[in-house]
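Numbering (the numbering used here), first residue to last: 512 to 888.
What follows is a short report on a single structure.
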């Protein structure tokens, strides 16, 4: 683990544009020595890492330990479908992907990601045990998803709102009330993600989004009817868009992932975020290594690096998402660590359920019954 003194040295070197070679104590699985230049290709969610600090930090650490220069190709996506499409297209595009539970499950079923060897990840021991236990799913089949993806961040889906514009919004019933929507038409949004939007529709209708019976044709048709009524008055926004529009006060409220919402809250004091009284989901995003990756060893090194407490704290402090490394807590500002919107308190956790992977048939129904039709409303 990195010492505070070493971290401060690194920060100084970074400010001066120097090479970061001050990490000590970590035994990352580096296997290549010499002066050759190598490349690591990473595909991650938009605005989901402190890339101005963390990427140079990784390059400096790698050079210091291996004597090799590493080039990082770092690209971003706006929704899970983009990531899955890149994985499934065939041919080598990226070594490491950031995937949610659902996409990880689909990817492993189609052999798009490798089964990971945990003893190649020395910082695996840093991951919170309850996070790892949460990845041992029972449906659609009994499987430990940590064999194919290593936790990076976790969070909730809830409601962010501008209290100075519309008052407190603590429920989906209020957010999607037709009179309310008509009054604030096109000022209300939902994150542009088919699965998340469907989940919100199910919660609004009082359905259990973890229950397979919620994904029948009849049930999803009711979700479509819900969207058909509200779509004329809402907008769908990507993560980057919603942060900007909330801060500008171009939109007043909507459904967002916790970290994106809290990045906006940090920039505008009129904004607040909560898990609605009807409940929400707990989700976990993970690093997976592509089955056609050219640099699998570098993939392991990258994953191990992100689980270092200092690095995890750097990212959480930047993007306001909870990381799975409890040892990072001492380096995270209290305004984040003690914020129940970032790290939910016991009462909030009672209203959360882990979003399970969908079957291929469930995903197909969502696309055909809801998403493809909503676009035409």
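Note that the Cβ used here is the ideal one computed from N, Cα and C, for glycine as well.
Spatial neighbours of residue i within its chain, please: C-beta separation below 7 angstroms, excluding the five flanking residues on both sides.
i	result
residue 587	555, 556 and 557
residue 658	626 and 627
residue 825	561, 564 and 565
residue 701	708, 711, 745, 747, 765 and 766
residue 862	786, 790 and 791
residue 662	638, 642, 795, 797 and 835
residue 682	787, 788 and 789
residue 870	651
residue 605	552, 553, 554, 597 and 801
residue 733	716
residue 810	606, 607, 800 and 804
Ignore the nearest five residues each way along the sequence and tell me which others in residue i's own chain have a CB closer than 6 angstroms to its CB.
i	result
residue 616	868
residue 539	Low confidence applies here, because residue 539 scores a pLDDT of 43, under 50, leaving its location unreliable; read the following figure in that light. Once the five neighbours on either side are set aside, the close Cβ partners of residue 539 are 812 and 815.
residue 603	803 and 805
residue 570	581
residue 595	614
residue 573	581
residue 882	705
residue 720	710 and 713
Consult DSSP for residue i and reduce its assignment to one of helix, strand or coil.
i	result
residue 581	strand
residue 548	strand
residue 649	coil
residue 702	strand
residue 517	Since pLDDT at residue 517 reaches only 41, below the 50 mark, its modelled position is unreliable, and the value read off the structure follows with that caveat. If DSSP states are grouped into helix, strand and coil, residue 517 belongs with the helices.
residue 626	coil
residue 532	Any reading at residue 532 must be qualified, since the residue scores a pLDDT of 37, below 50, and its modelled position is unreliable; no value is offered.
residue 719	coil
residue 569	helix
residue 631	helix
residue 856	coil
residue 777	coil
residue 574	helix
residue 771	helix
residue 751	helix
residue 554	strand
residue 714	helix
residue 560	coil
residue 468	Residue 468 lies beyond the stretch modelled for the chain, which goes from 512 to 888, so this question has no answer here.
Answer with buried or exposed for residue i, where buried requires no fewer than 16 other C-beta atoms within 10 angstroms of its C-beta.
i	result
residue 689	exposed
residue 806	buried
residue 641	exposed
residue 725	buried
residue 621	exposed
residue 743	exposed
residue 876	buried
residue 847	buried
residue 832	buried
residue 879	exposed
residue 891	Not covered by the structure: residue 891. The range shown for the chain is 512 to 888.
residue 704	buried
residue 601	exposed
residue 630	exposed
residue 778	exposed
residue 694	exposed
residue 774	buried
residue 547	exposed
residue 874	buried
residue 856	exposed
Could you check where the alpha helix (DSSP H) with residue i kicks off and where it finishes?
i	result
residue 826	820-830
residue 684	683-686
residue 841	Careful: residue 841 lies outside any alpha helix (DSSP H) and carries neither H nor E.
residue 809	807-817
residue 871	871-876
residue 694	689-694
residue 594	591-599
How close, in whole Å, do the beta carbons of residue i and residue j come, if the pair is a contact with beta carbons under 8 angstroms?
i	j	result
residue 764	residue 672	4 angstroms
residue 853	residue 769	7 angstroms
residue 885	residue 687	Going by Cβ atoms, the distance from residue 885 to residue 687 rounds to 14 angstroms, so no, they are not a contact pair.
residue 801	residue 598	6 angstroms
residue 638	residue 818	7 angstroms
Start and end of the beta strand (DSSP E) containing residue i?
i	result
residue 671	661-673
residue 767	764-768
residue 611	607-611
residue 795	791-800
residue 783	782-785
residue 747	745-748
residue 740	Per DSSP, residue 740 belongs to no beta strand (DSSP E); it is in the alpha helix (DSSP H), 728-741.
residue 864	863-865
Residues in the same chain with beta-carbon distance under 8 angstroms from residue i, minus the five sequence neighbours each way, listed in chain order, please.
i	result
residue 684	715 and 789
residue 543	For residue 543, the pLDDT reaches just 44, beneath the cut-off of 50, and the residue's location in the model is therefore unreliable, although a value from the coordinates is still provided. Contacts found: 549, 577, 579 and 808.
residue 844	828
residue 645	793, 795 and 865
residue 756	700, 748 and 762
From the beta carbon of residue i, is the nearest beta carbon of chain B less than 8 angstroms away?
i	result
residue 753	No chain B appears in the structure shown, which is made up of a single protein chain.
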